[in-house]
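Colleague: Under the working numbering, think of the first position of the sequence shown as 4, with each following residue one higher. Beta carbons are placed, not taken as given, at the ideal position from N, Cα and C, and that holds for glycine. Sharing a structure, written as structure tokens. Questions coming.
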Amino acid sequence: IISGDYAGIGHTCHVVPIEQTRVNYLRGDRWQVINYLKDLTGCYMDVIQGPPYGLARGEAQLFMTGAVERVARARAIIDTMLANMDKIEMPDINIDAPWRRDEEAAKRKMEEEEKMKKSTS
4 IISGDYAGIG HTCHVVPIEQ TRVNYLRGDR WQVINYLKDL TGCYMDVIQG PPYGLARGEA
64 QLFMTGAVER VARARAIIDT MLANMDKIEM PDINIDAPWR RDEEAAKRKM EEEEKMKKST
124 S
């Protein structure tokens with residue numbers, strides 16, 4: 004188990020790379036989305052991000068573990084959620100996040116404000 008092999012207890016684990024911009028959507032307000040997914044699938048899930056967990060700054064992963072069939076169900080649900088996020092235009096709720104405070108984020112915010120002004124006039 005220490006090395007990440009859960010087969011001895013009949014469990015498996017899976018890690019899904021997540022774009023940093025989607026992390027807050029997966030968490031939800033007060034972790035509601037992740038908690039709902041845990042209840043729905045019976046898996047343990049957690050979002051792992053950044054250097055404290057051996058990832059680069061701005062990098063994130065969704066870690067899930069549990070019984071093999073439950074992890075398979077969780078993977079299918081997560082894959083569907085991520086695919087649907089690709090299909091719809093979602094507002095950037097991460098625009099003011101510390102990892103996004105750069106010129107690109109400022110530019111995007113100005114473009115969104117201009118777009119909103121044009122759509123209201």
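(1) Who does Asp89 pair with in a DSSP beta bridge?
(2) Please identify the residue among Ala63, Tyr47, Ile80, Cys46 whose C-alpha is closest to the C-alpha of Ala53.
(3) If you count every other CB in all the chains shown that lies within 10 Å of the CB of Thr68, and 16 or more means buried, which is it?
(4) Let me know the secondary structure DSSP gives Leu58 once reduced to three states.
(5) Can you tell me the Cα-Cα spacing of Val26 and Leu85, whole angstroms?
(6) Tell me the residue span of the beta strand (DSSP E) that contains Asp49.
(7) Which residues bound the beta strand (DSSP E) around Gly69?
Modeller: Reading it off the structure:
(1) Its beta-bridge partners do not exist; DSSP assigns none.
(2) First, the residue type needs correcting, since residue 53 is Gly and not Ala in the sequence shown. Comparing Cα-Cα distances from Gly53 to each of Ala63, Tyr47, Ile80, Cys46, the minimum goes to Ala63.
(3) buried
(4) coil
(5) Cα to Cα, Val26 sits roughly 11 Å from Leu85.
(6) 47–52
(7) 63–70
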